[in-house]
Structures are given as C-alpha cells and as structure tokens.
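K.L.:
Residues -24 to -1, 1 to 516 (mature numbering (1 follows the signal peptide of the UniProt record, and there is no 0)) make up the sequence shown, in order.
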Amino acid sequence: MRQAIFLLFYLGILACLGTFYVNAEDPYRFFTWTVTFGTISPLGVPQQGILINGQFPGPTIDCVTNDNIVVNVINNLDEPFLITWNGIKQRKTPWQDGVLGTNCPIPPKTNWTYKFQTKDQIGTFTYFPSTKLHRAAGGFGGFNVAQRSVISIPYPTPDGEFTLLIGDWYKTSHKILRRRLDSGRSLPLPDGLLISGLHDSAVFTGEAGKTYKFRVSNVGLETSFNFRIQGHKMKLIEVEGAHTIQEPYESIDVHVGQSVTVLVTFDESPRDYDIVASTRFTKPILTTTATLRYAGSHTPASGPLPIGPTYEIHWSMKQARTIRLNLTANAARPNPQGSFHYGTIKVVRTLVLANSQVLINGKLRYAVNGVSYINPNTALKLADWFNISSVFDFKTIKDVPTPGAPAVLGTSVFSTTLHDFVEIVFQNNENSIQSWHLDGYSFYIVGYGSGLWIPNMRERYNLADGVPRHTTQVYPKSWTAIYVSLDNKGMWNLRSAIWSKRYLGQELYIRVWNDEHSLFTENDIPSNALYCGKAKHKHS
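(1) Reducing DSSP to helix, strand and coil, say where SER408 ends up.
(2) Just to confirm my understanding: we take ALA457, look at its own chain, exclude 5 residues before and 5 after, and list those with CB closer than 6 angstroms. What are they?
(3) Alpha carbon to alpha carbon, what distance is there between ILE28 and ASP500?
(4) Helix, strand or coil for HIS413 per DSSP?
(5) Within 10 angstroms of the Cβ of VAL(-3), are there 16 or more other Cβ atoms? Answer buried if so, exposed if not.
(6) Can you tell me the Cα-Cα spacing of residue 540 and LEU239, whole angstroms?
(7) Determine the DSSP secondary structure at ILE299, reduced to helix, strand or coil.
(8) With 16 other CB atoms within 10 Å as the buried threshold, where does SER391 fall?
(9) Have a look at VAL192 and PHE242 and give me their C-alpha separation to the nearest angstrom.
(10) Can you tell which of LYS65, GLU55, THR69 has the C-alpha that lies nearest to the C-alpha of ILE82?
(11) Compare the beta carbon distance of TYR459 and TYR417 with 8 angstroms and say whether it is the shorter of the two.
(12) When the Cα of ASN331 is compared with those of THR199, ALA473, PHE92, which residue comes out closest?
(13) Please name the residue or residues paired with residue 526 in a DSSP beta bridge.
(14) With DSSP as the reference, identify every bridge partner of ILE78, one or two as the case may be.
(15) Please report how far the alpha carbon of ILE383 lies from the alpha carbon of LYS371, in whole angstroms.
(16) Which residues mark the beginning and the end of the alpha helix (DSSP H) in which SER343 is found?
(17) Along the chain, where does the beta strand (DSSP E) that runs through LYS211 open and close?
(18) Ignore the nearest five residues each way along the sequence and tell me which others in SER172's own chain have a CB closer than 7 angstroms to its CB.
(19) So what does DSSP say about LYS189, is it helix, strand or coil?
(20) What does DSSP give as the partner residue(s) for PHE101 in the beta ladder?
(21) Count the other CB atoms within 10 Å of the CB of PHE101; is the residue buried (16 or more) or exposed (fewer)?
(22) With 16 as the cutoff for other CB atoms within 10 Å, does SER411 come out buried or exposed?
(23) Does DSSP classify TYR349 as helix, strand or coil?
(24) Give a yes or no on whether the C-beta atoms belonging to SER200 and ARG256 are separated by under 8 angstroms.
(25) With TYR479 as the anchor, note down where its alpha helix (DSSP H) starts and where it stops.
(26) Here's the rule I'm using: 16 or more other beta-carbon atoms within 10 Å means buried, otherwise exposed. How should ASN363 be labelled?
(27) What are the start and end residues of each continuous beta strand (DSSP E) run of 3 or more residues lying completely inside the segment 150 to 184, in chain order?
(28) Enumerated in chain order, which unbroken segments of the alpha helix (DSSP H) with a length of 4 residues or greater are wholly contained in the segment 257 to 332?
(29) Considering only C-alpha positions, which residue in the set SER245, VAL215, GLU223 is nearest to GLY233?
(30) Over what stretch of residues does the alpha helix (DSSP H) that includes ASP360 continue unbroken?
(31) Where does GLU492 land, buried or exposed, given buried means 16+ other C-beta within 10 angstroms?
(32) Going by the DSSP bridge assignment, what does LYS91 pair with across the sheet?
(33) Going along the chain, which residues of its own chain have a beta-carbon closer than 6 angstroms to the beta-carbon of MET210, five neighbours each way excluded?
(34) To the nearest angstrom, report how far apart GLU435 and ASP38 are at their CA atoms.
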C-alpha cells in the first residue's frame, strides 16, 4: 500500500515538473520566406531585385528576448543562397549563422530551415544575404528584439516605433557589379540612398505630443551615413543590444552594418518635417529624404534641409567616443549592464589585424595581415566537426602583420579557447573608412585613434563604460581597439562590412573551441544540415 502511495506521489511530482517545463519553454515564432527575383525600381530605373514573400525590403521580424525563431527559407533563385542574421548572437548554434564558413548554401529550387534563439538579447538588428553579391539586390530586412515584460526599460514606454533601413544603392544589376569585382575593378560610388527601400518618399506618421522609437540601421554596401530630423532632437537609447547613456543628438553617424535606436518626441507645430540621410566621407555627397508627419497634417515640409556634418573625420570620431554604456540599466537580464567589469579582466591574447588593398595575380584584392580570404568548397564548421583535413589550418594568418610580406590568397582561421578574453586592434591602412563585424558576439569598443596603433595606446582606452557592439568603424589611416570575451563556442565570421572589400578577401574566421563535448556549450549538428565539398559524403 505504501509503495502504491509513494508511486502515485512520485508520478504526480513528475507530471507537475513536466507541466512546468512545457509551460516554461520560450515561445516559438514560425516564418516561411519564399525568395525570388522580381522587378524593382527604387531609384526610378527597373532592375532585378531579390524579394522575400514578394517584398522589398523583406519582412521585419519582431520578437522578444529568448524567443525561438524558425525560418523556412525557400530559395527560388537560380543561384545558391544564404541569409545571415546580423548581430543575433546564435548562442550554442553556430550551425545557423548563414555564412559559407558555417553553412553550405541553399541550392536553387530547394528550401532550408533556420532554427535559433534570441537568447539573452534585446535590440535593433538586421538580416541580409551573405552569398555572392546578393546583398546588392535586396533580401534584407529588420530584426527587432523587445525586452520581456518582466524586465524594465530605462526610459518611458514609447507610444510606437518605426524601423528605418537606410543604405546606399546601385542602379546596376548585382550580377554586373559582381563581374566588375571579379575582373579586378573596384565598385564606383553608389547611385543613391534609400530609406526603407524608397528614395525621397517614405513617410512615418505619429501623433503630436507623443514619443516614438526609431530603429535605424545601415543596410548599405559601401558608405556610412549621417541621420537627422528637421526641427527635432534625437535621444540615443540603444545600440545593437546595449542601452546607452541617453544623450541628445541633432545628427548621428551610422556606419555600414551598424544599428542605433533613438527616441523622438513629436513636440513641434503639427506639419510635415524632413528626415534626412546623407553619405559620409564621399565626394559628392549623396542625400535622400523621408517625411516625419504629424497625424492629420496637410502642410508639407518647408525650409532648408537640416545641415549635416562636414567631411572632417575628427567630428565623427569625437561623436563615437560620446556613445557610452548605461552602467545602471539592465538589458535582456535584470542585472545592471555595468556588473560585467570588462576593464578588470586579464587579456590573454592580442590580435592586430591590418587591412590593406593589394594586387594578387594582377587583380584587385583586399587582405588582412597579408592574406586575402578565399572560401573553400567545404564549410569550415563541417571540416572542423568531422576532422576533415586540408580545408584550413591555423598557420595561414599571423596574430600581427608582417611588414613588407607579399599578399597571398588563403583561408584564414584563428584558433582560440572557449572563454579566452581577447584584445583585437583593427589597423586601417587604407584611405577610406572601414567597418568590421564579428558574428556570434558583442564586443567592447575601448578606443579609437589616428595613425598607427602601438601598445602605449592602451593608456587611452575606456575601461569603464565602453559600449558593446557587433560592428565597429575604423577611420581612414586609423585604428580601433576592442575587447571580446570568447564565451560562444563555434566557428565565427569576422568580416569587413564594406561588402566589396569582404567579397574580395577582407574576412576571416575565429574558431572558439574546447575539447569538451557538451550541449551546454554547443549544440550538435542539426538533423537538416546541408553538406558540401569534402563533407558531402558525411550525409547519412
């Protein structure tokens, strides 16, 4: 009798626990995206664009911290295709990163399903194609992660929000642009700028007296832009998943691959006002406008457009230093952002990565520490998982540049250990601005400076409230230093966000590894994984 009672009690406990875990599982959001070519005319000239479910730009993903995202991508193009999730950290799931080092491309007329979680993350992000030069044809969109209702935000709840995808655009077909790069020629200046896929015609409407969140991302290929709103100040509240000190800005620079979030109060006379984006560090300057409209307004915007900053680089670098972390606010978790004292952690390794424009076999290429990256036919993550030799090695690229060494083609991979704390210095030896992005991570920007970085520059580092981002600019003939805690196991892409430079070799991979096989640190290869190259026979 006692055994029966105990058994019933035990089974009851198990049932309760089972119910708890089922109910406690984070929500799932399912999407089916059909990717096609279609005719678009964003600058008034019909051209072939990449549409997702018939849309240009693609649909915005709106989700909440810890949501499980399932996206079935149906590739109806005539070329292999991948989407990468720009800034989504892919905790324990490097198999879903959407770049050729981690995923084999989705073949034409087939589908593949991404499955990942927005684990412990909030903020404004984007997605876009990573294969070939597809990004020049579209296929991009917004990816917004809101905080859970149980986690407070460090500002009054906005009355609404807008997603603004701003970037440069070419009238020329992406296939022609690709052939131009393949022939060894650089891309020309873009033909114009778009705001959410439109040139001079997007409208964002709100009510007088209310405050709105503007999520602003640079989805362009080549150029930084400056963003401003006629007659209105912007309060910066977040960059790429980190809450910032809430400083007011009349205009703000957003570099390729970056995202910022600002609050704008509709506190002026009810009418239309100009929203302006203009390129930075280009001659000539390209400009586009959109409309901030007060609900019910029939009065068009008037007066001169708000003036942007000059070409001067110093202004932009000085502004970048004003963007600082809000140490007392929380983000995706209840603990304050300042509780991670990154400035007190010992650096175990320093990488100095110098980018340069080079000629290899008589053709234009771009290199990092003298190596211009080429993608092997086998995804690096597959080669690593199955111990396939002759795909990559760790001797291709050095931790610091070798002055005077000739540039070579190669597949650059750095080997690191899980939980290493690493300093990376981006040394820009080119005459144009650079932008660097690291998949799978946020890193702390600790310093910007002109000229050549030397170890004494560490005395200038911000070791208290540097802002964590996934993309950082590096000014011409200048350097930027970051600290990153390598706590996300996998094979992670570190690339130039300037897409022509990335296409012609300015990228590499960081392998974060330990010899423990555990689902707590990394998921196993997914059952729907695609196989290619030397790993093709591994498919069972």
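Cβ atoms here follow ideal geometry from the backbone N, Cα and C, with glycine treated the same way.
These figures come from a predicted structure and were not determined experimentally.
P.N.:
Working from what's here:
(1) coil
(2) Only VAL401, VAL422, GLY423 meet the Cβ criterion.
(3) 29 angstroms
(4) strand
(5) Only weak support is given to the placement of VAL(-3): the predicted model assigns it a pLDDT of 36, under 50, and the value that follows is read from those uncertain coordinates. Exposed is the call here.
(6) Any question about residue 540 goes unanswered here, given that the chain covers just -24 to 516.
(7) coil
(8) exposed
(9) 17 angstroms
(10) GLU55
(11) no
(12) Distance from the Cα of ASN331 is smallest, within the candidate group THR199, ALA473, PHE92, for ALA473.
(13) Not covered by the structure: residue 526. The range shown for the chain is -24 to 516.
(14) A small correction: the amino acid at residue 78 is Thr; Ile does not occupy that position in the sequence shown. DSSP, once it has assigned bridges, lists no residue as partnering THR78.
(15) The sequence shown places Ala at residue 383, rather than the Ile named in the question. Roughly 15 angstroms between the two C-alpha positions.
(16) Checking the sequence shown, residue 343 turns out to be Ala, not Ser. Looking at the DSSP string, ALA343 is not in any alpha helix (DSSP H); the run it does join, the beta strand (DSSP E), is 339 to 344.
(17) 210 to 215
(18) PRO33, LEU140, LEU141, ALA178
(19) strand
(20) PHE119
(21) buried
(22) That one is buried.
(23) Residue state, collapsed to three classes: strand.
(24) yes
(25) Per DSSP, TYR479 is one residue of the alpha helix (DSSP H) stretching across 475 to 479.
(26) exposed
(27) 168 to 171, 179 to 182
(28) If we require 4 residues or more, the alpha helix (DSSP H) runs fully inside the segment 257 to 332 come out as 289 to 298.
(29) VAL215
(30) It spans 356 to 361 - the alpha helix (DSSP H) in which ASP360 sits, taken as one unbroken run.
(31) Answer is exposed; the Cβ neighbour count stays below 16.
(32) VAL46
(33) TYR225, VAL238, VAL240
(34) 41 angstroms
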